[in-house]
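Numbering of the sequence shown is given in my numbering, commencing with residue 2 and proceeding in unit increments. Built from N, CA and C at the ideal position, the CB exists for glycine as well. The structure presented is a predicted model; accordingly, all values stated were derived computationally and were not measured.
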Amino acid sequence: MPENHSSSDSRSNPGAGALTDAGRGAVAALLRVVEMYDPCVAHRSALRAAVAHLVGVELELRAEERVIAVAAAALSDIDLPLATDADAVRDVGRVVLAATLTDRVPGLAMVALAIRHQLEFWNGAGEPQQMEGTSIPMASRIVHAADELIGSPAPGYVPSWDPARRRVQMLSGVQLDPAVVRATLAIDTSTIETPLIPSAVVLDLLETTLPEERAVTSVAAAADIANAIASAASVGDMATLFCDVARRTVDAAEVSMIPLTAASLAAKPAGMATVEPFPFSGDRLHTLADFSYISELRAGVPLHRGGDADGLAALGVGSEVNVPIVVDDETWGVLSAARRIDQPAFDDHDVSILRHIATETASALTNTERWAEIEKMALRDQLTGLANRHVLYAVLDEIFRRDPVDRQDCAVIMCDVDGLKIVNDGLGHEAGDRLLIDAAASLRSAIRDPERSTICRIGGDEFCVVIDGGALLTAHEVSDTIERLFARSGGPNETRSISCGIAFASADVPTRSDLLRAADENQYQTKRARRAARGEPIADAVRHDGDRRAIRD
């Protein structure tokens with residue numbers, strides 16, 4: 002019989018396992034973000050979640066505990082869209098960042114806790130808190146073992162199980178819980194298949210932990226809502242998708258999502274779902290008169306109306322349910338569902354489902370706003386506020402999708418701050434940071450046409466400017482201005498310089514990598530010439546810049 006650690010885990014993790022349907026949908030949606038950022042990473046995450054599920058079954062954990070391990074295994078790489086190095090090894094910094102991001106999503110606190118402590122060692126030598134033995138959350142122990150078993154398989158493939166099993170066995174009692182190791186070695190890995198759609202695989206795994214008495218319609222709604230969150234491009238798109246989920250789930254003829262503002266109530270509701278329209282669906286307007294009961298909705302009270310007494314029959318409506326959508330303790334709006342006169346009236350079960358969907362809608366609206374903040378962070382360098390390399394690559398990819406004749410007036414200016422390492426070593430990283438911030442300001446000030454220019458910090462002392470049009474006339478002037486402004490940005494006794502190199506996206510430059518290499522080479526020649534003119538050694542510069550160009554290749 003496998004060892005049962007449920008009691009100790011419950012004591013160390015109060016409320017463990019309370020993952021709602023909204024939380025399940027959020028897990029799948031967040032993994033969908035990773036899936037779009039890097040399918041290979043999402044593939045690994047889904048394999049890790051599958052192992053965590055099987056290990057939890059082998060340990061005979063309660064479903065509520067098992068689902069936390071599955072979710073934590075799926076989201077352990079959620080930090081990668083923010084990582085400077087996409088190939089970064091999982092260390093305590095990455096793990097804490099992933100946990101922090103997960104913890105920002107309502108309902109995922111226990112999942113975040115499991116992620117945070119996945120690098121704790123059974124012998125107490127791990128991080129970040131040197132927990133030991135059974136004081137480590139069970140879900141964290143399972144995620145650690147699953148990660149060691151999965152490793153980094155090639156895209157589209159499952160791991161080489163035999164070497165992976167030997168690695169897990171070697172870590173037993175040192176890094177890994179011996180009981181979890183035994184369970185990990187006992188699972189049937191032949192049942193683990195290559196995930197085609199990782200987020201869908203994880204959602205299926207989460208649903209297997211639902212109590213049998215849970216209504217099937219609620220499960221279907223959770224799955225549909227997860228897909229809505231993942232596929233919606235805006236809050237308006239998400240509202241439309243949620244309305245369609247609600248319409249299908251309760252067999253409504255019309256579902257609307259109406260923000261509770263005077264302006265929105267006087268107009269046709271956003272998110273109108275008219276897949277199966279009935280007479281008034283294309284013309285009906287919601288006005289303030291329709292919401293004479295608005296005070297009740299603002300108080301969070303659902304309202305079920307029906308029959309002639311409510312004046313609905315004249316509109317062709319036999320039954321209507323209005324459920325408040327409460328975001329951060331404020332009634333954001335109303336989820337309104339209606340059935341025709343020839344349909345049966347909504348019952349208490351329908352109202353319960355609509356309340357459930359309204360709750361998940363509120364959670365998704367909150368998460369959408371918060372994820373927008375995270376996405377903004379993911380595309381910005383935190384020190385300078387400039388765009389990062391992900392933006393650079395996206396801009397260049399768009400340019401290189403054009404015909405060569407249409408991109409020949411585009412250029413890249415590669416810029417490298419001279420002497421940053423000397424400043425960091427001699428004056429400290431705070432002084433080095435000030436140097437980089439001043440460099441960013443010089444680049445911003447030098448740009449002649451902000452509408453057609455993108456400025457990025459792509460790592461360390463490297464910056465890049467993309468001029469998308471007009472570059473043949475302006476690129477050299479912009480480059481000279483950058484060097485001049487940065488030279489003047491220091492104090493009276495401070496010598497500063499930045500080396501710039503220009504490359505144009507002409508027809509003989511076939512790819513973005515070729516363009517970046519050309520600009521990098523020209524920047525290097527500028528740096529070398531400047532150092533030679535000052536009589537400085539260039540051997541270190543040759544080695545350093547050669548390594549960087551090799552990385553860019």
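7 Å Cβ shell around residue i - same chain, five flanking residues per side excluded
{"i": "A534", "result": "none"}
{"i": "G334", "result": "M258, I259, P260, L261, I326"}
{"i": "Q409", "result": "F505, A506, S507, A508"}
{"i": "A488", "result": "R497, S498"}
{"i": "D104", "result": "A110, A113"}
{"i": "D80", "result": "R95, L98, A99, L102"}
{"i": "A115", "result": "I69, A70, A73, P138, A140, S141, V144"}
{"i": "N523", "result": "G502, I503, A504"}
{"i": "A472", "result": "D410, C411, A412, F505"}
Cutoff 8 Å; reference residue i; Cβ partners in own chain excluding five residues on either side
{"i": "A432", "result": "V424, N425"}
{"i": "V97", "result": "R117, P129"}
{"i": "I483", "result": "I414, C416, S443, L444, A447, V466, I499, C501"}
{"i": "L436", "result": "V418, L421, V424, R497"}
{"i": "A165", "result": "E149, L150, I151, G152"}
{"i": "P270", "result": "Unreliable positioning characterises P270 in this predicted model, as indicated by a pLDDT of 43, which lies under 50. A coordinate reading is not provided."}
{"i": "S293", "result": "Model confidence at S293 stands at a pLDDT of 49, short of 50, so the residue's coordinates are unreliable; what they give is reported in the following sentence. Taken in chain order, the list of residues that qualify is empty."}
{"i": "I552", "result": "Caution applies to I552, whose pLDDT of 36 falls short of 50 and renders its modelled position unreliable; the model cannot decide the point."}
{"i": "S46", "result": "L32, V35, A74, A75, L76, S77, D78, P199, V203"}
N- and C-terminal bounds of the beta strand (DSSP E) containing residue i
{"i": "N523", "result": "Premise fails: N523 lies in the alpha helix (DSSP H), 513–534, not in any beta strand (DSSP E)."}
{"i": "F347", "result": "Neither: F347 is in no beta strand (DSSP E) and is coded neither H nor E."}
{"i": "I259", "result": "255–260"}
{"i": "D417", "result": "411–418"}
8 Å contact criterion, which residue i and residue j should meet: CB distance rounded
{"i": "V52", "j": "I137", "result": "The pair is not a contact, with the Cβ atoms about 18 Å apart (cut-off 8 Å)."}
{"i": "A253", "j": "A247", "result": "7 Å"}
{"i": "V106", "j": "A27", "result": "5 Å"}
{"i": "S173", "j": "V182", "result": "4 Å"}
{"i": "A146", "j": "V169", "result": "6 Å"}
{"i": "R458", "j": "L387", "result": "5 Å"}
{"i": "G317", "j": "I342", "result": "6 Å"}
{"i": "V322", "j": "V352", "result": "6 Å"}
Opening and closing residue of the alpha helix (DSSP H) in which residue i lies
{"i": "R408", "result": "405–408"}
{"i": "G319", "result": "Run containing G319: none in the alpha helix (DSSP H); it sits in the beta strand (DSSP E), 318–328."}
{"i": "D426", "result": "421–428"}
{"i": "R402", "result": "Segment: none, R402 is in no alpha helix (DSSP H) and carries neither H nor E."}
{"i": "L186", "result": "179–187"}
Pair within 7 Å by beta-carbon distance, residue i and residue j
{"i": "D419", "j": "S490", "result": "no"}
{"i": "H54", "j": "L206", "result": "yes"}
{"i": "F347", "j": "R513", "result": "no"}
{"i": "A43", "j": "V35", "result": "yes"}
{"i": "V324", "j": "A359", "result": "yes"}
{"i": "V76", "j": "L31", "result": "Val is not the amino acid found at residue 76; the sequence shown has Leu there. For L76 and L31, yes; Cβs fall inside 7 Å."}
{"i": "A64", "j": "V144", "result": "no"}
{"i": "V56", "j": "T185", "result": "yes"}
{"i": "R412", "j": "A476", "result": "The question names Arg, but residue 412 is Ala in the sequence shown. Cβ atoms of A412 and A476: closer than 7 Å."}
{"i": "N389", "j": "D398", "result": "no"}
{"i": "D434", "j": "L384", "result": "yes"}
{"i": "L517", "j": "V510", "result": "no"}
Beta-carbon proximity list for residue i, same chain, < 6 Å, skipping 5 on both sides
{"i": "D178", "result": "W123, R142"}
{"i": "P15", "result": "With a pLDDT of only 34 at P15, under 50, the local geometry of the prediction cannot be trusted, and the value read off the model is given with reservation. Cβ within range, chain order: n/a, list empty."}
{"i": "E463", "result": "D417"}
{"i": "D163", "result": "none"}
{"i": "A519", "result": "A504"}
{"i": "E133", "result": "G125"}
{"i": "G127", "result": "L120, E121"}
{"i": "D481", "result": "none"}
Start-end ranges of the beta strand (DSSP E) lying completely within the segment 442–500, minimum 3 residues: Runs of the beta strand (DSSP E) inside the segment 442–500: 454–460, 463–469.
Alpha helix (DSSP H) segments (min. 4 residues) lying fully within the segment 103–176: 110–117, 139–151, 162–171
Sequence ranges, alpha helix (DSSP H) only - wholly within the segment 55–80, length at least 4: 64–76
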